[in-house]
Ligand SMILES: [Zn+2]
C-alpha cells in the first residue's frame, strides 16, 4: 500500500464502499503514515461538514451533485 493509492481511494474509503481487505490495508497504512492520516482525516471532516449542511438545508439535487463531484475530485 503506497500513499498514492491511499490518495486515490480515500473517497471510497470514507464512503465505506471499499472491499474489506482494502479497507484494512488502508487503515494499517494510516496508522503508519501521519501524512495520509492527516489528509484522510481532513477529507472526513469536510464530508461531515457537508453532510451536516445538506441535512439542514434541502439542497437542490444539482447542487448536491456538484458538491459530490468536487469532493470526489478533491479526494483524487
Ligand atoms: Zn501514506
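In the numbering used here, the protein residues as written are 717 to 792. Glycine included, every Cβ here is placed at the ideal spot set by N, Cα and C. All values derive from a computational prediction rather than experimental measurement.
With contact defined as three or more Cβ pairs closer than 8 Å, the region 759-767 and the region 781-790 are in contact. Counting every other CB atom within 10 Å of its CB across the protein chains shown gives residue 752 a total of 16 or more, marking it as buried.
In this structure, residue 758 sits away from residue 742, with a CB-CB distance that is not shorter than 9 Å. Note that the C-beta distance between residue 722 and residue 734 is not below 9 Å.
Put simply, the residues with a CB less than 5 Å from any heavy atom of ligand 1 are 719, 749, 752, in chain order.
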